[in-house]
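In the UniProt record's numbering, the protein residues as written are 1 to 210.
Quick reminder that beta carbons are idealized off the backbone N, C-alpha and C, glycines included.
Quick caveat: nothing in here was measured; it's all calculated off a predicted structure.
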């Protein structure tokens, strides 16, 4: 992560503990517990879109494309004066994040504000955005192609990078925010449904890093 420019050594006065959690496949996930930091953080009040409103706005579209940003939060740099607040302990000293990460209480609001600013004037007509998930729509193939160009131009200007393997283009039906979207309407994506027995309720609100 140091080589990728995600973290760097820290000499600050802040420190949050790391937690090692077991994955289902037996491997280990590296996490940071930022609960104490979140308790004293002034909350960002920027609202996230209501998913139901987002889905309702898709009515009338015939063609769809979905985009997914590559490690979206990591594409946003943390202000220099705030980096030390993300400091965490390691067996070899202290490290801090250079980029925004999942688990900090203001990350979702900050990222949503960024995306809506980048795509201002296009949302609700050409595309809709929920955090790092973007859906581009069109009543015709040609309109969708034109809207894709507009979105790409905005993202290129903002230097935002996509994850190509997670993007879908020129579809009559797509999965978006846990739903199947098509010209016929919106329905729940059964592949994303989980029964209560499949979800562990024994968890702590910690930050997943890897």
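DSSP, read as helix, strand or coil, puts residue 96 in strand.
Boundaries of the alpha helix (DSSP H) harbouring residue 157: 141-157, taken from the DSSP string.
The three-state secondary structure of residue 63, taken from DSSP, is strand. If you check the CB distance, residue 135 and residue 65 come in under 9 angstroms.
From the listed residues 144, 133, 143, 162, the smallest Cα separation to residue 179 is found for 133. Under the three-state reduction of DSSP, residue 4 is assigned to coil, being neither helix nor strand. Distance from the CA atom of residue 32 to the CA atom of residue 14, rounded to whole angstroms, is 13 angstroms. When C-alpha distances from residue 172 are compared across 189, 154, 140, the shortest belongs to 140. A straight line joining the alpha-carbon of residue 63 with that of residue 123 spans about 16 angstroms.
For the pair residue 2 and residue 114, the Cα-to-Cα distance works out to about 25 angstroms.
Nearest to residue 29 by alpha-carbon distance, out of 19, 186, 37, is 19.
A distance below 7 angstroms between beta-carbons, with the five flanking residues on each side excluded, links residue 96 to the following residues of its chain, in chain order: 7, 8, 10, 12, 83, 84, 86, 87. Residue pairing by DSSP puts residue 19 in a beta bridge opposite 31. Around the beta carbon of residue 190, fewer than 16 other beta carbons sit within 10 angstroms, so the residue counts as exposed.
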